[in-house]
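For reference, the structure discussed in these notes is given below.
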Amino acid sequence: MTYKSVKKTIDAIKKKDVSATELTQEYFNLIKKNDKDLNCFITLTEEKALQKAGDIDKDISKNNLKPLSGLPIAQKDIFCTKGVKTSCGSKMLDNFISPYDATVIEKLNEAGTIMLGKTNMDEFAMGSSNETSFYGPVKNPWDTDYVPGGSSGGSASAVAARIAPCSTGTDTGGSIRQPASLCGICGLKPTYGRVSRFGMIAFASSLDQAGLFTTDALDAAILLKEISGHDPKDSTSSNVDVPDYYDYCVNGKEMFTIGIPEEFVKDLNDDVKDTFYQSVKVLEKIGCKIKTINLQHTGLGVSAYQVVAPAECSSNLSRFDGVRFGHRSKNMSNLEELYRESRSEGFGKEVKRRILVGTYALSAGYYDAYYLKAQKVRNLIAQDFKNAFKEVDLILGPTTPDKAFKIGEKMNDPIAMYLSDVYTVSTNLAGLPAMSIPMGFKEGMPLGLQIIGNHFDEKNILKISHLFQKETDWHEKEPGE
17 MTYKSVKKTI
27 DAIKKKDVSA
37 TELTQEYFNL
47 IKKNDKDLNC
57 FITLTEEKAL
67 QKAGDIDKDI
77 SKNNLKPLSG
87 LPIAQKDIFC
97 TKGVKTSCGS
107 KMLDNFISPY
117 DATVIEKLNE
127 AGTIMLGKTN
137 MDEFAMGSSN
147 ETSFYGPVKN
157 PWDTDYVPGG
167 SSGGSASAVA
177 ARIAPCSTGT
187 DTGGSIRQPA
197 SLCGICGLKP
207 TYGRVSRFGM
217 IAFASSLDQA
227 GLFTTDALDA
237 AILLKEISGH
247 DPKDSTSSNV
257 DVPDYYDYCV
267 NGKEMFTIGI
277 PEEFVKDLND
287 DVKDTFYQSV
297 KVLEKIGCKI
307 KTINLQHTGL
317 GVSAYQVVAP
327 AECSSNLSRF
337 DGVRFGHRSK
347 NMSNLEELYR
357 ESRSEGFGKE
367 VKRRILVGTY
377 ALSAGYYDAY
387 YLKAQKVRNL
397 IAQDFKNAFK
407 EVDLILGPTT
417 PDKAFKIGEK
427 MNDPIAMYLS
437 DVYTVSTNLA
447 GLPAMSIPMG
457 FKEGMPLGLQ
467 IIGNHFDEKN
477 ILKISHLFQK
487 ETDWHEKEPG
497 E
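Quick look at the structure:
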């Protein structure tokens with residue numbers, strides 16, 4: 017009863033080949049059957065979902081259709097959802113019921129989607145493996161001994177396992193693209209400011225961006241149109257026209273000049289490099305011009321990111337003090353102990369590490385040496401991209417240095433974990449859009465191809481991804497086939 021894509025699902029509901037209620041119930045059946053092995057969901061919203069599905073079926077019977085009428089979707093548990101727990105994967109917010117919807121949630125609800133539930137994630141989006149969650153690690157559906165990537169691992173794993181047709185995610189340094197790569201699906205991070213951050217619990221405010229997981233590029237194009245646009249409730253939201261991405265994918269420009277940064281391929285292992293260059297040949301075959309470029313400062317991206325992001329996280333997470341909402345310690349006798357004990361009990365090890373690093377980087381005597389210097393490097397990285405886009409339309413590289421790693425493999429080595437994002441963090445520092453699409457396999461595990469565009473150029477990223485997927489079938493592969 018489930019369909020292979022968002023487009024086919026929407027069309028089937030509109031044609032009344034299946035009712036929204038039947039489809040929603042089928043996805044809950046799949047979740048209950050498979051999620052005990054994957055741990056993708058923190059909260060299921062079956063009763064609310066079936067009630068909404070019934071309302072949508074009534075609307076459809078009256079030919080009252082919305083763009084995404086009846087489409088089931090999984091929501092990352094970082095987006096506030098009215099009347100539903102929003103935990104951010106943390107003990108700190110295990111008891112938090114949001115009184116309002118994030119703008120992304122609101123827009124998707126208005127478009128007719130049906131929320132299946134809230135997906136598991138690294139605590140406060142801090143992680144690259146989905147092992148830091150208070151609710152336990154998420155498993156990769158291709159092999160449950162392996163991580164799905166993070167921080168949006170629950171969203172990625174659910175779509176890869178086909179227990180949700182699509183899902184939302186957030187990307188601060190690669191948290192959509194990296195799990196999309198490791199799970200063999202499409203993951204789109206839009207331009208900073210393209211999608212509202214209102215109601216999305218902040219990790220690093222100048223880097224965070226909401227995005228999507230789907231099985232193919234056309235599905236991402238359909239969904240992106242619905243969540244994009246200016247939001248007066250978000251001061252960083254850009255007032256830029258939103259094109260019809262789907263129409264452009266089908267009918268738009270087909271010839272692109274694509275840049276391959278030397279820095280993205282020089283240290284690749286042979287298996288990933290071979291798979292990457294096979295993908296380059298596919299793009300050459302369809303008429304793209306390939307050009308070698310340099311992004312000389314991107315090698316400093318992880319170092320700059322690991323100062324900027326923790327500094328902003330230190331500031332953002334200061335609001336979780338045990339007073340207004342969230343976890344409140346019972347082991348205290350004065351106000352100072354309330355703060356200390358609530359935060360000690362409520363935050364996990366990785367979150368504490370980043371708060372401490374960020375507080376140190378912002379402290380008197382160290383601000384110039386660390387934070388200010390990191391911001392200067394950030395500017396150099398952004399300038400590298402700006403210069404590159406004078407010569408090329410898009411930039412191509414691997415999404416991750418390698419396939420998924422085993423659960424527990426890097427948990428005691430934070431530096432190795434951070435380097436999982438070596439190819440993704442620079443686009444966040446520059447505020448650029450980027451997407452990961454499946455490009456092949458290594459030892460039975462998926463590998464991702466990253467496509468980076470200029471600011472607000474999601475349409476060309478989606479177009480080239482669609483053209484690539486017309487020539488390949490990596491995106492159609494499913495775990496267990």
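If you're matching positions, the sequence shown starts at 17 in our numbering and goes up one per residue.
Note that beta-carbon positions come from the ideal geometry of N, C-alpha and C, so glycine has one too.
What is the DSSP secondary structure of residue i, reduced to helix, strand or coil?
i    : result
S35  : coil
P15  : Summary: the structure shown does not reach residue 15, with the chain confined to residues 17 through 497, and so no result is reported for it.
M461 : strand
M216 : strand
I22  : The identity of residue 22 in the sequence shown is Val, whereas the question assumes Ile. DSSP places V22 in helix when its eight states are reduced to three.
K64  : helix
S244 : strand
V211 : strand
I238 : helix
M142 : coil
A28  : helix
Q194 : helix
K123 : helix
L333 : helix
T40  : helix
S253 : coil
For the alpha helix (DSSP H) holding residue i, just list the boundary residues, first then last.
i    : result
T443 : V441 to A446
A377 : K365 to L378
D485 : Before going further, note that residue 485 is Gln rather than Asp in the sequence given. Per DSSP, Q485 belongs to the alpha helix (DSSP H) from E474 to E487.
S295 : D286 to K301
F112 : Unbroken run through F112: none, as it is neither H nor E.
L60  : Unbroken run through L60 is the beta strand (DSSP E), F57 to L60; no alpha helix (DSSP H).
L351 : L351 to G362
T184 : Unbroken run through T184 is the beta strand (DSSP E), S183 to T186; no alpha helix (DSSP H).
Q399 : K389 to A404
V266 : Y261 to N267
P430 : P430 to Y434
Among the residues of its own chain, which have a CB less than 7 Å from the CB of residue i, if the five just before and after it don't count?
i    : result
D437 : S144, G189, G190, Q194 and V318
A218 : D224 and N332
D161 : K422 and I423
H471 : T207, G447 and L448
L9   : Nothing about residue 9 can be reported from this structure: the residues present for the chain run from 17 to 497 only.
G70  : T37
S330 : I371, G374, T375 and L378
Measure the C-alpha to C-alpha separation of residue i and residue j and round it to an integer number of angstroms.
i    : j    : result
A9   : A237 : Residue 9 is absent from the model: the chain starts at 17 and stops at 497.
A390 : S349 : 40 Å
G268 : E242 : 19 Å
Y116 : K101 : 11 Å
F292 : I480 : 15 Å
T16  : L311 : With the chain represented from 17 up to 497, any question about residue 16 goes unanswered, as that position is not in the structure.
V211 : D257 : 12 Å
K68  : T97  : 15 Å
L378 : R344 : 27 Å
Y387 : S183 : 34 Å
F229 : I453 : 10 Å
Identify, in the order they occur along the chain, each residue of the same chain with its Cβ nearer than 6 Å to the Cβ of residue i, setting aside the five sequence neighbours on each side.
i    : result
K458 : D287 and K419
S442 : T314, G317 and I397
S3   : Missing from the structure shown is residue 3; the chain here goes from 17 to 497 and no further.
V373 : P326
G86  : I29, A36 and I72
K346 : none
Beta-carbon within less than 8 Å of residue i's beta-carbon, same chain only, minus the 5 sequence neighbours each way: which residues are those?
i    : result
P417 : D283, L284, N285, V288, L435, S436, V438 and Y439
W158 : A176, C199, G200, A420, G460, M461, P462 and P495
K305 : M271, F272, T273 and I274
C104 : D93, I94, M137, E139, F140, A141 and I217
I276 : V296, I306, K307, T308, I309, I411, L412 and G413
K32  : I76
K365 : T148
What residues are listed by DSSP as bridge partners for residue i?
i    : result
Q466 : G413 and S452
C202 : T230
N156 : D159
G275 : K307 and I411
A176 : Paired residue(s): none; A176 is not in a bridge.
K92  : T135
I130 : P88
K101 : I113
S345 : Paired residues: none, contrary to the question.
K422 : Y162
Let's see if you can read the secondary structure: which residues bound the beta strand (DSSP E) around residue i?
i    : result
Q312 : Run containing Q312: none; DSSP gives neither H nor E here.
P495 : No beta strand (DSSP E) holds P495; DSSP gives it neither H nor E.
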